[in-house]
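The structure appears below as structure tokens.
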Amino acid sequence: MLTIATGNKAVAAAVKAAKPGVIAAYPITPQTEIVEQIAEYVTAGDLKSQYIPVESEHSAMAACIGASAGGVRTFTATSSHGLLYMHEMVHWAAGARLPIVMANVNRALGPGWNTWAEHSDAFSQRDTGWLQVFVSTVQEAYDATLMAFKIAEHEDVLLPVMVNLDGFALSHIMQSLETVEIGDFLPAYHLPHAIDTENPLVYGPMTGPADYFRFRWDIERSMRDARGVIADVEREFAERFGRSYGPTEDYRCEDADVIVIAMGTLGKEAEVAVDRLRDEGIKAGSMRLRWFRPFPDLDLARREVVVIDRDYSFGFGGVLAHAVRSKTGIAPYSVIAGLGGQEVTYNDIADFVRNRHPGEETWFGVSDHV
Amino acid sequence: MSAIPKEEYLFKCTSACAGCSSSLCLRYVLKAAGPDSVLVVPACCTSVIQGIYPGTAMNVPVYNIAFAAAAACASGLSNALAALGKETNVIVYAGDGGTVDIGIQALSGAFERGTDFLYICYDNEAYGNTGMQRSGATPLGARTTTTPGGKPTAKKDLDRIVEAHNPPYMATACSAYPLDLYKKVKKALSIPGPKFIHILAPCPPGWRYPTEKTVEMGKLAVKTGTWILYEREFGKLTINGPSKAAMKRPAPLEEYINGQGRFKNLSPEIMDEMRQQVEQNIQRLSREEAGVC
């Protein structure tokens, strides 16, 4: 069905289609619209889920852990400080191998209070064992949320998935949305290690170094296997519903001399910048990184690269810039831009490319070439 | 004791300290709950007592969870089981630190939401498995590794905090009275909604008394009126047998205090304050039971 919706409402619509058994909900700007919309679905009887209005994000993730282990599909949504407050349980969910799906509406971190887009919240959770996908349109927010359940619950993955969408820049933007009849795209929830009183097991007890180390390796093995599962699920989604996605979304990259790499809405904005640059005779392309964990292999041979980071690792550098550098050996022009919702237009992005200094870092509008 | 089933859900291979009363209580809790039960355990002595992977002393599913998260995890599990149409008992078994301190927000939230579960706090009045640091449940005057001079403030009144949530059932219990505990768990599990049982669980290494005196220490806590056994069903208070007698004629507080190394060298002033606290507690509960509030 073709409609229009915000990014938040698109996530809620996908959750409705996925029919989780339990949803834990706690409000935080700019995510709140997701849990409000789901509450409306549940109250109206359009979604028969147990809706737990928890008293904190720490409890939201703890409730999802209990519910997922108890044998039902689970969902929660958060943002920024909420994600950080649940950090302990974010680790726990992955370690417990639970296929929880969470929408994280990317937002800056205080102080001072700032509710606009930034990726530092999600990147602060990058080493937790969660799969992380970043979307750029309302349609993609819907599609990625639906696929997240299937990827997370795949027997070769059994890890939680975080669907990231930019605060306000996507969460509150209206775009067209085509919802689908999912049919049997999502199989019934099956967790091999679900709690079963007929087969009493102990979950997460004290564990010595040898077993603990092996469990950590099991997470990484699944994270590696997830690459193939993601590709399979995205291929099946394309076959069934006609929209295809990949680990990156590449735009005019084939013959490009310089490629802009960015994530979320800035990654989409970069496509317009590429068209402008091409009009000037600069052979530019853009590569929007969708999956941050597992991090994809990037083919950037013989290209110059401009990386836009909507985040920063203090004392080190842009998180994405350094990930690209470590994966490819290329020293990119690292642009730190859009922190705390700073406006970054396609003209600005075109300027980053025109004025690039490979190997250097710039804080857009604040400090040049440091 | 003949009413208590012979089936065991906590085997003899625990890693509990000698004279541990909390593991004794868990044994009776599980006998009352039966096999269609799941235990949710935050960081506490029971995390250790159940044994090290891949071994376990438990014969019901046990879900270990982070310190602050037991009641919230149990909420999710209880709702998942409801979604699946199952009537499995969900029981949190948590220490005092995980209840009165770090876990109290999750506990309060789960009770306010009317979660269908039983929350049991076994209270050894300090952080036990980390080596006896003070918790909010540590009583006035007690020496712990972080209150080497004795705790300067009173024990947090957890029961009045829980009572403020108007749960359909709440009770106190003590490890020295296992049949009373068994009956309370049975009754609690027969009632839908959030239930709460607070067990006083004397701890030989923490309280510094000989291991063979664990049962005696629990009885003295009750006989001196320091710990009062009661139930509150839908708001109505009933004082239980052993405490009825103790509240009329409490044994001298010294009988309980003097046997414990943690109370060594208490000042007369602290001792007086402790006596006053016991007396006030007895009077408050007596008035409530008599309907004179």
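Chains as they are written, first to last, in the numbering used here: chain A, 1 to 370; chain B, 1001 to 1293. Virtual Cβ for every residue (Gly too), placed ideally from N, Cα, C. What you are looking at is a predicted structure, and each value in this text was computed from that prediction instead of being measured.
#1: Quick check on the DSSP output: the beta strand (DSSP E) that includes residue 1194(B) runs from which residue to which?
#2: Report the rounded CA-to-CA distance for residue 1092(B) versus residue 306(A), giving the unit in angstroms.
#3: Which runs of the beta strand (DSSP E) at least 3 residues long sit entirely within the stretch 1210–1254 of chain B? Give them in chain order.
#4: Measure the beta-carbon distance from residue 155(A) to residue 187(A) and round it to whole angstroms, keeping in mind my assumption that it falls under 8 Å.
#5: State yes or no: is the beta carbon of residue 92(A) nearer than 7 Å to at least one beta carbon in chain B?
#6: Let's test the definition: count the other Cβ atoms within 10 Å of the Cβ of residue 162(A) and tell me whether it reaches 16, buried, or not, exposed.
#7: Tell me whether residue 85(A) sits in a helix, a strand or coil according to DSSP, three-state version.
#8: Under the assumption that residue 285(A) contacts residue 256(A) (Cβ atoms under 8 Å), give the Cβ distance between them as a whole number of angstroms.
#9: What do you reckon, are the CB atoms on residue 1137(B) and residue 1159(B) nearer than 7 Å?
#10: Enumerated in chain order, which unbroken segments of the alpha helix (DSSP H) with a length of 4 residues or greater are wholly contained in the stretch 124–150 of chain A?
#11: Could you list which residues in chain A have their beta carbon closer than 9 Å to that of residue 1051(B), in chain order?
#12: Please report the straight-line C-alpha distance between residue 271(A) and residue 357(A), rounded to a whole angstrom.
#13: Can you give the Cα-Cα distance for residue 69(A) and residue 1073(B), rounded to whole angstroms?
#14: Are residue 1225(B) and residue 1202(B) close, meaning C-beta to C-beta below 7 Å?
#15: Grouping DSSP H, G and I as helix and E and B as strand, with all else coil, what is residue 1105(B)?
#16: Select from the stretch 1096–1125 of chain B all residues with a C-beta closer than 9 Å to any C-beta belonging to chain A, and list them in chain order.
#17: Would you report the Cα separation of residue 1113(B) and residue 1199(B), rounded to the nearest angstrom?
#18: Ignoring anything shorter than 4 residues, give me the alpha helix (DSSP H) runs that lie fully in the stretch 45–80 of chain A, in order along the chain.
#19: Between the Cα of residue 202(A) and the Cα atoms of 1036(B), 1129(B) and 1054(B), which residue gives the shortest distance?
#20: Terminal residues of the continuous beta strand (DSSP E) containing residue 177(A)?
#21: Under three-state DSSP, which class holds residue 1050(B)?
#22: In whole angstroms, give me the CA-to-CA distance for residue 1188(B) and residue 1082(B).
#23: If we count the other Cβ atoms within 10 Å of its Cβ and call it buried at 16 or more, is residue 349(A) buried or exposed?
#24: For residue 288(A), which of helix, strand or coil comes out of DSSP?
#25: Is the distance from the Cβ of residue 28(A) to the Cβ of residue 82(A) below 7 Å?
#26: Alpha carbon to alpha carbon, what distance is there between residue 234(A) and residue 1034(B)?
#27: Since residue 1095(B) is in the beta strand (DSSP E), which residue starts that stretch and which ends it?
#28: Any idea which residues DSSP pairs residue 1174(B) with across the strands?
#29: Check the Cβ-Cβ distances between residue 1194(B) and every residue of chain A, and say whether any is below 7 Å.
#30: Could you tell me the alpha carbon to alpha carbon distance between residue 1292(B) and residue 39(A), rounded to whole angstroms?
#31: Can you tell me whether residue 243(A) is helix, strand or coil according to DSSP?
#32: In three-state DSSP terms, what is residue 1182(B)?
#33: Does the beta carbon of residue 15(A) come closer than 7 Å to any beta carbon on chain B?
#34: The beta strand (DSSP E) spanning residue 1071(B) covers which residue range?
#35: Do we get a CB-CB distance below 7 Å when we pair residue 95(A) with the residues of chain B?
#36: List the residues of chain B that residue 108(A) touches, going by C-beta distances under 9 Å, in chain order.
If we stick to the structure as given:
#1: 1194–1200
#2: 52 Å
#3: 1230–1233 and 1236–1239
#4: The Cβ separation is near 11 Å, so there is no contact.
#5: yes
#6: buried
#7: helix
#8: 3 Å
#9: no
#10: none
#11: 202, 205 and 206
#12: 21 Å
#13: 10 Å
#14: no
#15: helix
#16: 1105, 1106, 1108, 1109, 1110, 1112, 1113 and 1115
#17: 23 Å
#18: 57–70
#19: 1054(B)
#20: 175–178
#21: coil
#22: 18 Å
#23: buried
#24: strand
#25: yes
#26: 46 Å
#27: 1089–1095
#28: 1200(B)
#29: no
#30: 44 Å
#31: coil
#32: helix
#33: no
#34: Note, residue 1071(B): premise wrong, no beta strand (DSSP E); alpha helix (DSSP H) at 1070–1083.
#35: no
#36: The contacting residues do not exist; residue 108(A) stays about 25 Å from chain B at best.
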